[in-house]
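A quick write-up on the structure given underneath.
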Amino acid sequence: MFVCAGNNESFSFAHTIGVGLIESASNLTKICMRENVDEIIFIGSAGAYDTDLNILDLHVCFAATQIEHSLFQGNSYTPLQNFIQSNAPFPKFLARFLQEHNNIVSCGTKHVNSSNYITIDSQMAKVFFMQGISLENMEFFSVLQIANFFKIPCCGIFCVSNYCASSAHEEFLHNHKSVKAKLEAFCMQLCDRAKSRGLHG
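Just remember that our numbering sits 348 ahead of the position in the sequence shown, which is counted from 1.
Set out below in structure tokens:
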């Protein structure tokens, strides 16, 4: 099952779960309680902390953090878990497709940070990258949490829309149409592969 944030990032083949950590968790929980879900594939745009990544690169991710800037500045702490990864294996054919597809730049090697706030400070982006976090997406941490609660395999497919710097919003707007087109084209290939195996997206 494909899921996406919605609003201006909707896809005809994906369930919309809402923007940010709270909406996405609430709505995905309702879907998982209502439907028989075999796997969850979250698709969306991502900002890059790593400036060596290219705009419009595709990355498949299985792990996320939920860290605010103040933690790295020594101004806050949390008693909560702030790292999560998918704890259920994908079907082998699907995992192999994601690993071997020539449009995928990385599979399982990048971590995504989720927050209801978007980073526009390039120096802070470097701090995240130095901590081993390459990408930023508002929903993915919550998606993984809900998937793990229901013991459903989960991954995220992300297309880089911008760098996490002062021009992040302008870059996002400029690239967003191309980001959506690239995600849709890739997911259609994935759907075709699943159908050829008698599975449903």
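Note that CB positions come from ideal geometry on N, CA and C, so glycine has one too.
The structure displayed is predicted, hence computed values, not measured ones.
Coarse secondary structure for residue i, derived from DSSP in three states
i	result
Asn523	helix
Ser454	strand
Ile505	strand
His449	coil
Val351	strand
Cys564	A query on residue 564 cannot be resolved here, the shown segment of the chain reaching from 349 to 549 and no further.
Ser393	strand
Val475	helix
Glu532	helix
Distance CB(residue i)-CB(residue j) smaller than 9 Å
i	j	result
Leu483	Tyr397	yes
Phe445	Arg541	yes
Ile370	Ile379	no
Asn485	Gly422	no
Cys507	Asp405	yes
Residue i CB to nearest heavy atom of the ligand ADP below 8 Å
i	result
His417	As presented, the structure is devoid of all ligands, the ligand ADP included, so that no description of it is given.
First through last residue of the alpha helix (DSSP H) which encompasses residue i
i	result
Val491	Phe488 to Phe497
Ser374	Gly368 to Arg382
Phe420	His417 to Phe420
Neighbourhood of residue i by C-beta, 6 Å cutoff - its chain only, sequence neighbours within 5 removed
i	result
Val475	Phe420
Phe410	Gln433, Ser434, Gly456 and Cys503
Glu519	Asn510
Ser454	His407
Supposed contact pair residue j and residue i - C-beta distance, whole angstroms, cut 8 Å
i	j	result
Ala412	Val460	5 Å
Run of the beta strand (DSSP E) containing residue i, from where it starts to where it stops
i	result
Phe410	First-last for Phe410: undefined, no H or E at that position.
Val460	His459 to Asn461
Close beta carbons around residue i, own chain, < 7 Å, minus the five adjacent residues each side
i	result
Gln537	none
Ala362	Phe350, Val351, Cys352 and Ile391
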